[in-house]
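The letter at position 70 of the sequence shown is residue 69 when you use numbering that gives the first Met the number 0, and the numbering goes up by one with no holes.
Virtual Cβ for every residue (Gly too), placed ideally from N, Cα, C.
None of the values given here were measured: they were computed from a predicted structure.
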Amino acid sequence: MRFTLNIDHIATLRNARGSNQPDPVTVALIAEQAGVDGIVVHLREDRRHINERDVRLLRELITTKLNLEMAAVDEIVKIACDIGPELATLVPERRQELTTEGGINVLDNILHLKNTIIELHEANIEVSLFIEPDIENINASAEIGADFIELHTGVFSNALSEEEQYDELEKIRLAARQAKKLGLSVNAGHGLDYQNIKVFRELADIDEVSIGHAVIARAAIVGIDEAVKEMIRLINN
Ligand code: PXP
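Structure (structure tokens):
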């Protein structure tokens, strides 16, 4: 299972004082040295954390893989096509939310998503759809030409009992298996942390996890290098 690090929170901290510290680009480079398989950033329409300068510099400087989370809107699609991340992950975006709250409803947006995927493919960018772990969304994602799906793990991560956690894990397991059958690569993320990763890592069909909050929070205490290495040790068991 590969591990990609979402560094949006570093930009949130920087922007809190309108200064240039801490710099998400520097943090990305240290995280790469510590062993992450890729860097994830979400260029939001309101630019509340990551900005265009960050994405352009990351594109130039990182040597792993850049995964750009984004809404399927014209302005951001144009920027993505210009900058050229390896992967664009399409997510629903609401201004009022603290973080992305759930997956895209593929069936309700099928034509628009299909056209966005075509546009990104023309710029040689692979496309992932952030979706809930249900079969209909997975089948629809494959039909419209997505290369990856990213399964939303928020419900699993917020489970209040072992039973609920187990039920959610099973949903994710079945969803990932179906996606694999259809030839999709499978990412997963949201709320994964140093505890719940211990059961999550058993899912054989998950290719990659995208983790932000838990690792950046840990980095405030032990530093980014150590926080990343601790997570890698857990993922590799
Ligand atoms: N995947 C997606 C699509 C997200 O929007 C986020 C949050 O930015 C994550 C993964 C990472 O979630 P967390 O910060 O809870 O680890």
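Residues near residue i in its chain [Cβ-Cβ closer than 7 Å; skip 5 each side]
i: Lys113; result: Ile143, Gly144
Length of the line joining the Cα atoms of residue i and residue j
i: Asp45; j: Asp73; result: 14 Å
i: Asp107; j: Ile220; result: 43 Å
i: Val126; j: Asn236; result: 29 Å
i: Asp81; j: Leu4; result: 23 Å
i: Ile6; j: Val26; result: 8 Å
i: Ala234; j: Val227; result: The residue you asked about is not Ala; residue 234 is Ile in the sequence shown. Distance between the alpha carbons of Ile234 and Val227: 11 Å.
i: Lys77; j: Glu162; result: 44 Å
i: Asp166; j: Ile231; result: 25 Å
i: Asp67; j: Leu159; result: A small fix is needed here, since residue 67 is Leu in this sequence, not Asp. Each residue's Cα considered, the two are about 31 Å apart.
i: Gly34; j: Glu229; result: 11 Å
i: His151; j: Val185; result: 11 Å
i: Glu149; j: Ile130; result: 6 Å
i: Ile223; j: Gln32; result: 10 Å
Burial state of residue i, where buried means 16 or more other Cβ atoms lie within 10 Å
i: His111; result: exposed
i: Leu17; result: Looking at the sequence provided, one finds Gly at residue 17 rather than Leu. Exposed: under 16 other Cβ atoms inside 10 Å.
i: Val40; result: buried
i: Ile117; result: exposed
Extent of the continuous alpha helix (DSSP H) run through residue i
i: Val238; result: Here the chain has residues from 0 to 236 only, and residue 238 is not among them.
i: Leu150; result: First-last for Leu150: 147-151, but that is the beta strand (DSSP E), not the alpha helix (DSSP H).
i: Asn19; result: From DSSP, Asn19 is part of no alpha helix (DSSP H); its letter is neither H nor E.
Neighbourhood of residue i by C-beta, 6 Å cutoff - its chain only, sequence neighbours within 5 removed
i: Asp192; result: Ala213
i: Gly37; result: Thr3, Thr63, Lys64, Asn66
Beta-carbon proximity list for residue i, same chain, < 8 Å, skipping 5 on both sides
i: Ala70; result: Arg43, Glu44, Leu89, Val90, Pro91, Glu92
i: Ile134; result: Leu173, Ala174, Gln177
i: Glu121; result: Cys80
Host beta strand (DSSP E) of residue i (start-end)
i: His41; result: 37-41
Item checked: Given 8 Å, three or more beta-carbon pairs between the stretch 17-27 and the stretch 38-56 -> Output reads yes: the stretch 38-56 touches the stretch 17-27.
Notebook entry, point to check: Are the stretch 208-219 and the stretch 166-183 touching by the rule of at least three beta carbon pairs closer than 8 Å?
Noted result: no
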